[in-house]
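*Asks:* So that you can map any letter, position 168 of the sequence shown is 168 in UniProt numbering, and since no number is skipped, the others follow by simple counting. Just so you know, even glycine gets a beta-carbon here, dropped at the ideal spot from N, CA and C.
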Amino acid sequence: MTIPHHIDDDLLVVSKPAGLLSVPGRGEDKQDCLVARLQQQWPDALTVHRLDQVTSGLMVFARNARAHRALSDAFAAREVDKVYEAIVQGELKADSGVIDLPLICDWPNRPKQIIDHAIGKAACTRWSVMTKSAGQTRVALVPVTGRTHQLRVHLQALGHPIVGDVFYGADAASRVMLHARHLAFRHPVSGMALVFDDPPPF
Numbered sequence: 001m002t003i004p005h006h007i008d009d010d011l012l013v014v015s016k017p018a019g020l021l022s023v024p025g026r027g028e029d030k031q032d033c034l035v036a037r038l039q040q041q042w043p044d045a046l047t048v049h050r051l052d053q054v055t056s057g058l059m060v061f062a063r064n065a066r067a068h069r070a071l072s073d074a075f076a077a078r079e080v081d082k083v084y085e086a087i088v089q090g091e092l093k094a095d096s097g098v099i100d101l102p103l104i105c106d107w108p109n110r111p112k113q114i115i116d117h118a119i120g121k122a123a124c125t126r127w128s129v130m131t132k133s134a135g136q137t138r139v140a141l142v143p144v145t146g147r148t149h150q151l152r153v154h155l156q157a158l159g160h161p162i163v164g165d166v167f168y169g170a171d172a173a174s175r176v177m178l179h180a181r182h183l184a185f186r187h188p189v190s191g192m193a194l195v196f197d198d199p200p201p202f
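#1: Between the region 148 to 162 and the region 73 to 81, do at least 3 Cβ pairs fall closer than 8 Å?
#2: Less than 7 Å between the C-beta atoms of residue 21 and residue 53, yes or no?
#3: By alpha-carbon positions, which one of 115, 3, 49 ends up nearest to residue 40?
#4: For residue 26, which three-state DSSP category applies?
#5: Scan the UniProt domain "Pseudouridine synthase RsuA/RluA-like" (10 to 157) and note each continuous alpha helix (DSSP H) run of 4 residues or more that stays entirely inside, going in chain order.
#6: Based on Cα-Cα distance, which residue from 131, 179, 100, 136 lies nearest to residue 145?
#7: Please state if the CB of residue 181 and the CB of residue 201 are separated by a distance shorter than 7 Å.
#8: Could you give the DSSP three-state label for residue 167: helix, strand or coil?
#9: Given a cut-off of 7 Å on the beta-carbon distance, is the pair residue 88 and residue 140 in contact?
#10: Look up residue 7 in the DSSP assignment and say whether it is helix, strand or coil.
#11: Grab me the residues of residue 75's own chain with a C-beta within less than 6 Å of its C-beta, minus the 5 sequence neighbours each way, in chain order.
#12: Between the Cα of residue 133 and the Cα atoms of 59, 5, 170, 93, which residue gives the shortest distance?
#13: What is the rounded straight-line gap between the Cα of residue 143 and the Cα of residue 114?
#14: For residue 197, which residues does DSSP report across the bridge?
#15: Rounded to a whole number of angstroms, what is the C-alpha to C-alpha distance between residue 28 and residue 42?
#16: Buried or exposed: where does residue 30 fall if 16 or more other Cβ atoms within 10 Å of its Cβ makes it buried?
#17: From 97, 37, 58, pick the residue whose C-alpha is nearest to that of residue 185; which is it?
#18: On a Cα-Cα basis, can you pick out the residue from 35, 86, 51 that is closest to residue 225?
#19: Pick out whichever of 135, 197, 147, 110 has its Cα sitting closest to the Cα of residue 171.
#20: Buried or exposed: residue 14, going by 16 or more other Cβ atoms within 10 Å of its Cβ?
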């Protein structure tokens, strides 16, 4: 059973475990996903945004068409505050920075994404160091844009791939050390400010 961080007539906020798809994939073996599990308890749950299968953390789901439209619009307009936490390989020299590198799907190797300055879509990530130890750095990540695999590719480009993200050149680990820890937005009906935090399990 999934225990929500928040539930009301308009939305659900839950934490997705690493390794679980957000939405169904192609094929019978990829039908188990967070939205399907939620719909067993709340049949009206509607997908608003996604997290990568390897990523854990906070997600919001709408429970009616009005809320779905308002939440989708808020994400599109960048009115939702999102903070991720990751552990990356190596020790970052600066305390903070901005990665502004355009991304595009590497079609022969999809779903892999690559940096392409000619035809890539604008992608921007703000990062700041939290702690450093044993050749690794724990960082807070704020995706200004929301491109597929954005945080993973940007950190790889920085020379510090996320620990466990073998898809983007990191050494293997028990999981990809990336977690959506903070989500803040206006309630789609009441307009009330909602803030959620979920500490990473690593």
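*Replies:* To lay it out plainly:
#1: No, because fewer than three Cβ pairs between the region 148 to 162 and the region 73 to 81 fall closer than 8 Å, the two stretches do not touch.
#2: Working through the sequence shown from its first residue, we reach residue 21 at position 21. Working through the sequence shown from its first residue, we reach residue 53 at position 53. In this structure, the beta-carbon distance from residue 21 to residue 53 falls below 7 Å.
#3: Numbered from its first residue, the sequence shown carries residue 40 at position 40. When each option's Cα is compared against that of residue 40, the closest is 3.
#4: Within the sequence shown, residue 26 is the residue found at index 26, counting from 1. Here residue 26 sits in coil by DSSP.
#5: The alpha helix (DSSP H) runs lying completely inside the UniProt domain "Pseudouridine synthase RsuA/RluA-like" (10 to 157) and spanning 4 residues or more are 34 to 41, 65 to 76, 150 to 157, given in chain order.
#6: Numbered from its first residue, the sequence shown carries residue 145 at position 145. Nearest option by C-alpha distance: 100.
#7: Looking up residue 201 in the sequence shown gives position 201. Looking up residue 181 in the sequence shown gives position 181. Cβ atoms of residue 201 and residue 181: not closer than 7 Å.
#8: Start at 1 with the first residue of the sequence shown, and residue 167 comes out as number 167. In the structure shown, residue 167 adopts helical secondary structure according to DSSP, grouped into three states.
#9: In the sequence shown, counting from the first residue as 1, residue 88 sits at position 88. In the sequence shown, counting from the first residue as 1, residue 140 sits at position 140. Inclusion of residue 88 and residue 140 in the CB contact set at 7 Å is not warranted, their separation being larger than that value.
#10: As a working mapping, residue 7 is identified with position 7 in the sequence shown. In the three-state reduction of the DSSP assignment, residue 7 falls in the strand class, which pools E and B.
#11: Taking the first residue of the sequence shown as position 1, residue 75 is located at position 75. Correct list, in chain order: 49.
#12: Residue mapping note: residue 133 aligns to position 133 of the sequence shown, counting from 1. If we check each option's Cα against that of residue 133, 93 comes out closest.
#13: The residue you call residue 143 lines up with position 143 of the sequence shown. The residue you call residue 114 lines up with position 114 of the sequence shown. If you take the alpha carbons of residue 143 and residue 114, they lie about 17 Å apart.
#14: Residue numbering aside, residue 197 sits at position 197 when the sequence shown is read from its first letter. In the DSSP assignment, the residues bridged to residue 197 are 182.
#15: Translated into positions along the sequence shown, residue 28 becomes position 28. Translated into positions along the sequence shown, residue 42 becomes position 42. One C-alpha to the other measures close to 22 Å.
#16: By one-based count along the sequence shown, residue 30 stands at place 30. With fewer than 16 Cβ atoms within 10 Å of its Cβ, residue 30 is classed as exposed.
#17: Counting from one through the sequence shown, the residue named residue 185 turns up at place 185. Residue 58 is the option with its Cα nearest to residue 185.
#18: This structure gives no information on residue 225, because the portion of the chain shown stretches from 1 to 202.
#19: For the purposes of this step, residue 171 is taken as residue 171 along the sequence shown, with counting starting at 1. Distances from the alpha-carbon of residue 171 to those of 135, 197, 147, 110 put 135 closest.
#20: Mapped onto the sequence shown, residue 14 falls at position 14. Buried, since its Cβ has 16 or more Cβ neighbours within 10 Å.
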